[in-house]
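Trainee: Protein chains in written order, with our numbering: chain A, 167 to 281; chain B, 315 to 1116. Before we start, here is the structure in question, set down as structure tokens.
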């Protein structure tokens, strides 16, 4: 797969993930990633694709929600959670967690297919 | 695959106190979803469908987020109240009932169990069951409670996981259905907050160590300086019942184990001036109940209107009706009554089975009650509580109490265990048109007893010390009682009409600040100890002089920072202080030039308050703090002041732990020096860091302990415990109201509370009233006359439809 292919895959993952997240449980997107990786026989950089899709999906959504509401909540949450009040960290962690969940599932889907 | 599953599982569940990270951080489900937009400039309108409504309900939110509710019948009114309160405060409502019902362990695990057991053994659930029976006896209360409950449940059902209040996400649990029992638990908890103080154990410990003469001398039954709520000389308009026979002299076992003491800083002020004292010629009423300051606030403002009712004021999330406020014709407010409604009886069990206990010369059967506790994680604990006819034996002799003022091996007799009808009281009061309606409503109050101040647009002002008071012999229950002596039992109650009360007194004002209800001419025994008299005396001295009162002059009095303790004590202290040997002459200069105001930026209040505290500890700790396992009360500052003036050579001034015999003068001087040393240690050298508000550190804390990010700390505000502006570190005026009545049914109300309408930390209304409150300002309250009234203050309309 070329790098353009990877970008396209990420975009598909991202949109499907976001759509599912609107209606189903928080981890639904990850299961879908696994399933898609399995069905698409995704063998090239599955973890990276899952990570970037999940991560950016969460990051963009978080930014979008907070910006459109001018919310003070991320700042407060950065103190509620032990992040020393650093607001950027809460965005980063959100991205990393979304990324890891997406990444692991995509990887799992891909591995299952390879067996 | 396993890693993916395992990882997801981990992020989906909470680990100990760590919230479920995945669920919490997901922008589609977690905290991000709790973001709330700032209110738009234009008025928005929406329609919500609620199953169970009988008709349409119109709701108008003003710029503070306060809902003004217009319903077509009582049922819909209370259903809407439940729904709207839950919409802003669901987590708080539920959390408070978890606490009241002794269920905290379900949320936090094992560490909540001792507090839970304490709640239930004191009879919180038992008492709530009793009140629920009482409230069920009245149709209107029942309708209100059920509709309120249905409204909350309609809101819970409308909630998706992603819209759950933030705290549910942090603590990882779901709301459960509301029931009228939860409202009963909540109301019962107010007795815990306001009427559970007890020092009978500490007094018995003193009795055992020093004997009756000393105990009665140091802990007198009426203060040296007082200005009682019912003015001296008020004639009692009833023929008192005969006082019951006194119990036999009894010196209990006390306790060798080291519980809640009365919190002297929880108090309140209220007053009303008649038209003769006001500029407008109409009565003006003011109220500020002092409670623990919390976010979300204990209060939620609302206007409730339906045929037969149009009332504005503060409600309590958890119970229907307005608790304190005004309607078109009358206004009322509350302060706590510190009467003794909680007694302990030393129990003599027949044997270890505890099946029988001795009373009135016979062995009588105990009854038992089983309480089951679910602990987070799945464990269940079963606890048996033994009851005598008095009440529950809170701790058996081999148990360690949760708090050090609770005696072991004693049965608890407490007014909070009685059947009660508080919902009916507030139902009627919300609709009262005049003095007669107010008095009629008041008879339904059991506990916690409150001083209900009242004013009407017919020109009446009044104050009833109101609640159900046990009929006791003089001083019965000051000390622990003998559970075998039938004369020690409560002998019925004081008839409601005999409760202390006053209407339109010649001084043209009524007031209360938790001090003694009446002077010793009152024919019944209510209690031997009330809050210190300073706030009450200060309010009365200012109201006596006040002419042409306005809303603003009464607002000024609510914010009065005059320290009359200092006015009294500084000259006495200075006359005994050996100025040659004092440290820190600069501090003394500051104190001497003080204007006696506990203003936030002054240093003198810090020096004074600290001096008094150190002085009191030096006078009394040697005799009354000698053994932590035998907790004792300390004599009051009032008694100590009297002693300084009348018995300056009393032996109590000597520190019995030293060989030398100390004099009053030496203690005054030593306490000055020691007090300043400790201030320097804690706050550095004399300077800005000693400013009163920095030392006092008033904070409004989120209900989850330790959530500083969701709290407002270090608030720049003056006042203090014995000051009219009674703001301490954790307590203060939890609601301030000033309202002027009007013949045309359009009273002018001004109010504020330290918080905000919304319980959502992401909302602009979470804490938007705090700064206004801290400045001592009030907000004009919007009292709509009808749903069609034109006002530019409405920012949002919601129509609730069936």
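Don't be surprised by glycine CBs; every beta carbon is placed ideally from N, CA and C.
For my contact list, residue 469(B) and residue 401(B) are in at a C-beta cut-off of 8 angstroms; report their separation, rounded to the angstrom.
Mentor: 6 angstroms
Trainee: What span of residues does the beta strand (DSSP E) with residue 619(B) cover, start to end?
Mentor: Counting along the chain, the beta strand (DSSP E) containing residue 619(B) begins and ends at 614 to 620.
Trainee: Please state whether the Cβ-Cβ distance between residue 734(B) and residue 763(B) is less than 8 angstroms.
Mentor: no
Trainee: Does the ligand MG have a heavy atom nearer than 7 angstroms to the CB of residue 1021(B)?
Mentor: In terms of ligand content, the structure shown is empty, and the ligand MG therefore cannot be addressed.
Trainee: Which one of 499(B), 320(B) and 1072(B) has the shortest CA to CA distance from residue 446(B)?
Mentor: 499(B)
Trainee: Give the DSSP-derived three-state secondary structure of residue 958(B) in the structure shown.
Mentor: helix
Trainee: Quick check on the burial criterion: 16 or more other C-beta atoms within 10 angstroms. Buried or exposed for residue 458(B)?
Mentor: buried
Trainee: Just checking: is the beta-carbon of residue 337(B) within a distance shorter than 8 angstroms of some beta-carbon in chain A?
Mentor: yes
Trainee: When the Cα of residue 681(B) is compared with those of 675(B), 665(B), 689(B) and 699(B), which residue comes out closest?
Mentor: 699(B)
Trainee: Please determine, among 995(B), 1067(B), 1061(B) and 1004(B), the residue with the shortest C-alpha to C-alpha distance to residue 378(B).
Mentor: 1067(B)
Trainee: Could you please give the first and the last residue of the uninterrupted alpha helix (DSSP H) stretch that includes residue 270(B)?
Mentor: There is simply no residue 270(B) to check, as chain B begins at 315 and stops at 1116 in what is shown.
Trainee: Expressed to the nearest angstrom, what Euclidean distance is found between the alpha-carbon atoms of residue 672(B) and residue 808(B)?
Mentor: 28 angstroms
Trainee: One question on the structure: do residue 249(A) and residue 349(B) come within less than 8 angstroms of each other, judged by their Cβ atoms?
Mentor: It is not a contact, given that the beta carbons lie outside the stated cut-off.
Trainee: Give the interface partners of residue 321(B) over in chain A, defined as CB-CB distance under 8 angstroms, in chain order.
Mentor: 266, 267 and 270
Trainee: I want to verify the contact list: residues of chain A whose CB lies under 8 angstroms from the CB of residue 421(B), in sequence order.
Mentor: Near residue 421(B) there are no residues of chain A at all, since even the closest Cβ is about 17 angstroms away, more than 8 angstroms.
Trainee: Going along the chain, which residues of its own chain have a beta-carbon closer than 6 angstroms to the beta-carbon of residue 325(B), five neighbours each way excluded?
Mentor: 335 and 336
Trainee: Going by the DSSP bridge assignment, what does residue 696(B) pair with across the sheet?
Mentor: 686(B)
Trainee: Just the C-alpha distance for residue 155(A) and residue 421(B), rounded to the nearest angstrom, thanks.
Mentor: The requested residue 155(A) is not part of the displayed model; chain A covers only 167 to 281.
Trainee: On a Cα-Cα basis, can you pick out the residue from 504(B), 556(B), 787(B) and 693(B) that is closest to residue 425(B)?
Mentor: 693(B)
Trainee: Kindly list the residues whose CB is nearer than 8 angstroms to the CB of residue 652(B), restricted to its own chain and excluding five residues on each side of it in sequence; keep chain order.
Mentor: 511, 576, 828, 841, 843, 844 and 845
Trainee: Can you name the start and end residues of the beta strand (DSSP E) that residue 604(B) belongs to?
Mentor: 598 to 606
Trainee: Hey, would you say residue 628(B) sits closer than 8 angstroms to residue 860(B), going by beta carbons?
Mentor: no
Trainee: Where does the unbroken alpha helix (DSSP H) through residue 233(A) begin, and where does it stop?
Mentor: 212 to 235
Trainee: Would you kindly report the start and end of the unbroken beta strand (DSSP E) that includes residue 826(B)?
Mentor: Start and end: 823 to 826.
Trainee: Residue 352(B) versus chain A: which residues are under 8 angstroms apart at the beta carbon?
Mentor: Below the 8 angstroms Cβ cutoff, chain A contributes 235 and 236 as neighbours of residue 352(B), in chain order.
Trainee: Looking at C-alpha atoms only, which residue of 464(B), 946(B), 949(B) and 748(B) is the closest neighbour of residue 1055(B)?
Mentor: If we check each option's Cα against that of residue 1055(B), 748(B) comes out closest.
Trainee: Closer than 7 angstroms by C-beta to residue 467(B): which residues in its own chain qualify, once you throw out the five before and the five after it? Chain order, please.
Mentor: 491 and 492
Trainee: With DSSP run on the structure shown, which of helix, strand or coil describes residue 1058(B)?
Mentor: coil
Trainee: List the residues of chain A that residue 342(B) touches, going by C-beta distances under 7 angstroms, in chain order.
Mentor: 187, 188, 192 and 227
Trainee: Quick one: what's got a C-beta closer than 6 angstroms to residue 920(B)'s C-beta in the same chain, skipping five residues either side?
Mentor: 1004, 1006 and 1009
Trainee: What did DSSP end up calling residue 269(B) once you bin it into helix, strand or coil?
Mentor: Residue 269(B) cannot be examined here, being either before or after the span of chain B that is shown, 315 to 1116.
Trainee: Pull up the distance between the alpha-carbon of residue 956(B) and that of residue 723(B), whole angstroms please.
Mentor: 37 angstroms
Trainee: Checking contacts by CB at 8 angstroms: is residue 404(B) closer than that to chain A?
Mentor: no
Trainee: For a minimum of 4 consecutive residues, which ranges assigned as the alpha helix (DSSP H) are wholly contained in the region 1069 to 1114 of chain B?
Mentor: 1084 to 1088
Trainee: I'd like the list of long-range same chain contacts for residue 571(B), defined as Cβ closer than 7 angstroms, with 5 residues on each side in sequence excluded.
Mentor: Low per-residue confidence applies at residue 571(B): pLDDT is 48, beneath 50, and the placement is therefore not dependable enough to give any value.
Trainee: Contact check, residue 543(B) vs residue 750(B) under 8 angstroms by CB: the rounded distance?
Mentor: Contact flag wrong, Cβ pair sits at about 22 angstroms.
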